[in-house]
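Numbers in the working numbering are just positions in the sequence shown, counted from 1, shifted up by 2.
Built from N, CA and C at the ideal position, the CB exists for glycine as well.
Bear in mind that the values here come from a model prediction, so they are computed numbers and not experimental data.
Read the structure below first, then the notes.
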Amino acid sequence: MGFIAICISVTALFIADLYAGTPVVKKTLIAYRAEPAPPKIDGDLTDPCWMSISWDNRFIQMNPIEREKPTERTNIKAVYDDKNIYFAIYCSDSKPSAIESRLGRRDAIENTDMILIAIDSYNDKQTAFIFALSPAGTKMDAIMAKDGDEEDYSWDPVWEGKTVITKSGWAAEMRIPFSQLRFADKKEQKWGFQAYRKIHRKQEELVWQYFPKDAPGMVSNFGRLEGITDIKSPMRLELLPYGVGKVDMYPSEAGNPFADGFDPSVNVGLDGKVGLTGNLTMDFTFNPDFGQVEADPSVVNLSAFETFYEEKRPFFIEGKDIFNFPLSEEGNEGDFANEQLFYSRRIGRPPSYNPQFSSDFPSDYVHMPTWSRIIGAAKLSGKTGNGWSIGILDAVTNKESAEIEYQGQRRDVTVEPLTNYMVARVQKDFNNRDSYVGGMVTAVNRKIDDPHLQYLPGSANTIGFNLRHQWNKRSYYLDLKLAGSYLTGNQRSITRVQTSSARYFQRPDADYLSLDTTRTSIAGTGGSFTIGRHGTGNWLYGIGAIWRSPGLELNDLGYLRKADRVQQYSWLTYRRLNPVGIFLRYDIGMVQWLGWNFGGDRLVNGGLLRGGVKFSNYWGFRLGLRREQNGLSPDLLRGGPMARIEGLWNPWLIIYSDTRRDGYIQLFHQSTISDDDISRSDLTNLTFYYKVTDKVNISLSPFYSANKTNLQWLSENRINNEPRYIFGLIDQTTAGLTFRLNYSPTPELSVQYFGQPFISAGAYTQFKYFTNPRAQGARRYDIYDTGQITYDAEGNTYYIDENKDGQPDYSFSNPDFNIQEFLSNFVIRWEYMPGSTLYIVWSQVRNNVSTNGTFLLGPNLRNLFSSGSYDVFLIKMNYWFSF
Numbered sequence: 003m004g005f006i007a008i009c010i011s012v013t014a015l016f017i018a019d020l021y022a023g024t025p026v027v028k029k030t031l032i033a034y035r036a037e038p039a040p041p042k043i044d045g046d047l048t049d050p051c052w053m054s055i056s057w058d059n060r061f062i063q064m065n066p067i068e069r070e071k072p073t074e075r076t077n078i079k080a081v082y083d084d085k086n087i088y089f090a091i092y093c094s095d096s097k098p099s100a101i102e103s104r105l106g107r108r109d110a111i112e113n114t115d116m117i118l119i120a121i122d123s124y125n126d127k128q129t130a131f132i133f134a135l136s137p138a139g140t141k142m143d144a145i146m147a148k149d150g151d152e153e154d155y156s157w158d159p160v161w162e163g164k165t166v167i168t169k170s171g172w173a174a175e176m177r178i179p180f181s182q183l184r185f186a187d188k189k190e191q192k193w194g195f196q197a198y199r200k201i202h203r204k205q206e207e208l209v210w211q212y213f214p215k216d217a218p219g220m221v222s223n224f225g226r227l228e229g230i231t232d233i234k235s236p237m238r239l240e241l242l243p244y245g246v247g248k249v250d251m252y253p254s255e256a257g258n259p260f261a262d263g264f265d266p267s268v269n270v271g272l273d274g275k276v277g278l279t280g281n282l283t284m285d286f287t288f289n290p291d292f293g294q295v296e297a298d299p300s301v302v303n304l305s306a307f308e309t310f311y312e313e314k315r316p317f318f319i320e321g322k323d324i325f326n327f328p329l330s331e332e333g334n335e336g337d338f339a340n341e342q343l344f345y346s347r348r349i350g351r352p353p354s355y356n357p358q359f360s361s362d363f364p365s366d367y368v369h370m371p372t373w374s375r376i377i378g379a380a381k382l383s384g385k386t387g388n389g390w391s392i393g394i395l396d397a398v399t400n401k402e403s404a405e406i407e408y409q410g411q412r413r414d415v416t417v418e419p420l421t422n423y424m425v426a427r428v429q430k431d432f433n434n435r436d437s438y439v440g441g442m443v444t445a446v447n448r449k450i451d452d453p454h455l456q457y458l459p460g461s462a463n464t465i466g467f468n469l470r471h472q473w474n475k476r477s478y479y480l481d482l483k484l485a486g487s488y489l490t491g492n493q494r495s496i497t498r499v500q501t502s503s504a505r506y507f508q509r510p511d512a513d514y515l516s517l518d519t520t521r522t523s524i525a526g527t528g529g530s531f532t533i534g535r536h537g538t539g540n541w542l543y544g545i546g547a548i549w550r551s552p553g554l555e556l557n558d559l560g561y562l563r564k565a566d567r568v569q570q571y572s573w574l575t576y577r578r579l580n581p582v583g584i585f586l587r588y589d590i591g592m593v594q595w596l597g598w599n600f601g602g603d604r605l606v607n608g609g610l611l612r613g614g615v616k617f618s619n620y621w622g623f624r625l626g627l628r629r630e631q632n633g634l635s636p637d638l639l640r641g642g643p644m645a646r647i648e649g650l651w652n653p654w655l656i657i658y659s660d661t662r663r664d665g666y667i668q669l670f671h672q673s674t675i676s677d678d679d680i681s682r683s684d685l686t687n688l689t690f691y692y693k694v695t696d697k698v699n700i701s702l703s704p705f706y707s708a709n710k711t712n713l714q715w716l717s718e719n720r721i722n723n724e725p726r727y728i729f730g731l732i733d734q735t736t737a738g739l740t741f742r743l744n745y746s747p748t749p750e751l752s753v754q755y756f757g758q759p760f761i762s763a764g765a766y767t768q769f770k771y772f773t774n775p776r777a778q779g780a781r782r783y784d785i786y787d788t789g790q791i792t793y794d795a796e797g798n799t800y801y802i803d804e805n806k807d808g809q810p811d812y813s814f815s816n817p818d819f820n821i822q823e824f825l826s827n828f829v830i831r832w833e834y835m836p837g838s839t840l841y842i843v844w845s846q847v848r849n850n851v852s853t854n855g856t857f858l859l860g861p862n863l864r865n866l867f868s869s870g871s872y873d874v875f876l877i878k879m880n881y882w883f884s885f
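Here it is, written out as C-alpha cells:
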C-alpha cells in the first residue's frame, strides 16, 4: 500500500502542468489627496472630497461562478491625508429589504452581507491588514499572513467605520489611521490591495482584483493601491492601563482557613505598543489580566499525553503568525498535528508542583495559586522593506508559592520557580517573495532554589530552521523544517525527561536506548520534508517525511507529543472548484503513511480516503474512511516493553445545511472499530445555529460518545520483582452540550453567554495483566479470575492474589469514575470609546466527582446542579491613550 502510493506521488510530481489559465491583469486603485477636506465618517458619501473623484466598479464574481459578471454593482474610491486613508464603498442591491444586516460582536461577521478591504502595506506579497464592515456596522479586522494561509482575528486596531442602508443598497465609509498599518518610509507608497463583497442571501462573493479560485496564495494575487505620496511613517505610542475588581465566591469549607467562601481582590496593569520604526513595533504588558477569557472546554484525558489547548489570551495571539513554527507541514494530523517550537500557553501555566501530592510537606490544608503570574512580557515584531520578518518575545513569570497549614502551623512552599522565557524568530523572503527561509531560537531559564523543584530542567533551549520554496507561479513547493533541543539540569530532571511518555528510555526491550540516571543534559533533533503541488489546476499531491529523534524535547516552551519517530507520508487529491451540474464544488483524495521508531520497529501503517461535496442548494457533506493496520506501540505499557496494537477502521461523516438561512445545522459522526472485535468508540455531535433577530443569535451543540476500550491502562505493580502492567476493559459514556447566546444592541456593545454541562462516566471490568505483549489478540494478556481478585468496598480498592496463596500480592484503587462539570461565562463588552473597553464578567464552575461508573443522565445532571458552585464576578476597565 505504501509503495504504490509513493510511486503515484513521485510520478505525478513530474507530470507536466496541463492547465493553462487566462492571464490575469493587475488592477490599480488610485488614492487621491482629500480635497478640500477629509470626509466625515458617517456613511453619507456626499462629502466634497468624494464627489470630486470617480468610482471604480471593476468587481467580478468569484463565487458561485468564477469570472461571471456580478448580479449587483459595487463601487469603491479612496482618498488620504497626512494621517489616514479613507475608503468609500457603495453596494447596490436590487432588493434592499433583503440585505442581510446582522449585528454582532467585533469580528463576528460571518453570516451577513459584508464589505472587506485588504492592504498589503509591507508590499511583501505575504501579509495583509484586513478591515471589514457589515451593513449593520459590525467591524471585523485581522492580519493575514503567509499569503493567506493564516489569519489573526485577535488584532484590534483603532479605526472608524460607518454604514447606511439606502433605498438602492448600502454604503460603507472607513477611516484607517496610518498608525495602524506598517510600511517603510518612502516618498511614494505602492501597496498591494484587494476589496471583497459578500451578498449573503445569494452566497455570491465578489472581488475587485480577480484571481483564480485554485491560486496557491491570496496576498500575492492582490492588485495595487497607489497615489499616496509625502506621508511619514508615524512614530506610534499607545498605552492601555487597566483596573480590575474581582470577587470569588464558593462554598466555605469548615476548618479550612483558606476556604471561607469569599475572596475579593483588586488588580492593575498596563499594556502598551511602541512603533520603533514604520515597520517594527514593540508590544509590552505588565501584570496582565485575562479574566474575560473563556474557560477551556471540559475533557477526560485517560492517555499518558498532555491535552493540547488553544491559546485565548489576547497578548499572545495578537501577531502570533511571526512566532508560529510548526515542526511539520501545516495540515498534518494525528500525533504530529500540534507539535511546535513555541506553545505560548507554557508562559503563565499552572504551577507544576503541588504539595498535596508530596510527602515532603505534610499538610492539612493547601492554598494553591491557579496560574504562574506573568510579571511582564514584551515582544518586538515587524517586517523590513527588504523582506526580513523579525519577532522577539521575552516574558518573566513569578516565583509562586502555595500556603499550607499543618497541625495549626502555616508555611509557604514554592510551587513554581522564577522563570524567563525567550523566543526569537527571523525569516527572509526571496525568489521575488514567492519563497522564504528562516529560523527560531527559544530559551527557558529557571531560578531553582528549592530542592523539591529540581525535577525541572534549569535551562531548555531549542533551535529551528525552515525553508519554503515555491516555483512555477507558486504551483509547486518544497517545505523543509529542522529543529534541535538541548536541556540541562539536575540528574533528577534529566532522568524525568528520559522516562517521560514522549520517549520511555526505560523500556526493557529498547536495545537502541539506554536510561542513564547520571546524565545532566539531553539533546535531540527533529524535522520534516515535503515536496508537492498545491497550486492551480485540479490535481494536488505531495510526498514527505517526518522524524523526531529519541532525545528531542520541546515541552518546556513548545509542544511535543511523541519523540522516537520516523514517518513517511504521501497524498493525492482531485478537486473541482467551479459548478458542475448539481455540484458547486467537490473533491476526493487519499493519504498514506508508514512509520517506525529509531530501533526499526514498525509502529504505524495506514491510509485514508476522503472527499466532500457542496451542492447547488448549498447543502453539503464530507466523509472519510481511515484504515490502520496492526502495529507496535512503545507507550501502551507506559515504560514497559513494546506491545502489539490491533488494526482499526475509522469512518466519519459531516453533513451541513444551507448557511444562508436564519437557521442551519451541522451533523458530525465518527466511529473507531478495532480488529479485536471488542473495542469501539462512537461520537456524534449535532450543532444548531439560529438567528433570532438581526441582533440576537444562538447556537446549541449537544454531543454524545460511547467508548469501549479493551486495553485501558490502570497501573504498574510488581510481584517477585517482576513487573505487572495492569489494564481493564472500560465502558465509558460521555454527554454534554455547548450553548452560546450573542446579543449585540449596537456595534460597540455586546452580551455573550457560554454554557457547557459535561458528564463522563467510566466503569471497568475484565482486569488483566500483560504476559506476552507482542502476541496477537487475547494471547497478549491473562485476565484475573474470581479467585485472584477481591474488591474492598470500604477502602475502594482491588486486591490481587495472583498466586492464590491467600495473601494479596498487590492492589490498585477502584478506577471507576463519574465526572460532572458545568462551565459558564457571561460577558458584557462595551467599547465606550475607540480603543477603550469595559468588561463585566460572571463565570461559574460546578464540579462533582465520584467512583460510580454508571452513566445516568437525569440523576447525574441533578447531582451536578445541586453541587456547590464557584462563581467569579469581575469588572475590568481599560483606557486607550495614543501619542
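- With a threshold of 16 other beta carbon atoms within 10 Å, PHE131 meets it and is buried.
- In the DSSP secondary-structure assignment, ARG604 is bridged to TRP598.
- If you check the CB distance, GLY225 and PHE195 come in under 8 Å.
- Taking a C-beta distance under 8 Å as the contact criterion, LYS248 and LEU876 qualify as a contact pair.
- Apart from the 5 residues on each side of it in sequence, SER254 sits with its Cβ closer than 7 Å to the Cβ of ALA261, ASP262 and GLY263 in its chain, given in chain order.
- Under DSSP, CYS93 shares a beta bridge with THR76 and TRP172.
- The DSSP-derived three-state label of MET220 is coil.
- Residue state for ASN820 is assigned as strand, using DSSP reduced to three classes.
- Remark: C-beta atoms of GLN570 and TRP595 approach each other more closely than 8 Å.
- Counting along the chain, the unbroken beta strand (DSSP E) around ARG624 starts and ends at 622–630.
- Taking each of PHE760, LEU469, ASP818 and ILE647 in turn and checking the Cα distance to ASN632, the smallest one comes out for ILE647.
- A Cβ-Cβ distance of about 45 Å is found for the pair ARG107 and SER635, leaving them out of contact under the 8 Å criterion.
- CA-to-CA, the gap between SER56 and ALA39 works out to about 17 Å.
- Taking the Cα of LEU482 as reference, the smallest distance to any Cα among ASP678, VAL439, TRP598 and ARG509 is reached at VAL439.
- Bridge partners of SER826 according to DSSP: GLY757 and GLN846.
- No Cβ-Cβ contact shorter than 8 Å links PRO159 with GLN191.
- Distance from the CA of VAL270 to the CA of VAL246, rounded to the nearest whole angstrom, comes to 6 Å.
- Assignment of ASP323 by DSSP, reduced to helix, strand and coil, places it in the helix class.
- Here PHE185 carries a coil assignment [DSSP, helix/strand/coil].
- Collapsing the DSSP output to three states places VAL694 in coil.
- For ASP396, the three-state secondary structure derived from DSSP is strand.
- Note on ALA144: 16 or more other CB atoms within 10 angstroms of its CB, so buried under the neighbour-count rule.
- Per the coordinates, the alpha-carbon of THR773 lies some 5 Å from the alpha-carbon of TYR783.
- Cβ-Cβ separation between TYR244 and ILE349: approximately 19 Å, too far for a contact (criterion under 8 Å).
- DSSP, reduced to helix, strand and coil, places TRP832 within a strand of the structure shown.
- The criterion of a C-beta distance shorter than 8 Å is satisfied by TRP52 and LYS79.
- For a cut-off of 8 Å, the C-beta gap from ALA173 to TYR88 is around 13 Å, too long to register as a contact.
- Put simply, the segment 149–165 does not touch the segment 696–716. Fewer than three CB pairs are less than 8 Å apart.
- DSSP links ASN65 through a beta bridge to GLU207.
- Between ARG494 and SER461, the alpha-carbon positions lie close to 14 Å from each other.
- In this model, GLU331 and PHE705 are separated by some 31 Å (Cα to Cα).
- Taken in chain order, the complete beta strand (DSSP E) segments of 3 or more residues contained in the segment 713–762 are 724–748.
- Here MET142 is buried, its C-beta having at least 16 other C-beta atoms within 10 Å.
- Look at GLY271 here: in three-state DSSP terms it is strand.
- Remark: C-beta atoms of PRO775 and LEU639 approach each other more closely than 8 Å.
- Taken through DSSP and simplified to helix, strand or coil, GLN668 comes out as strand.
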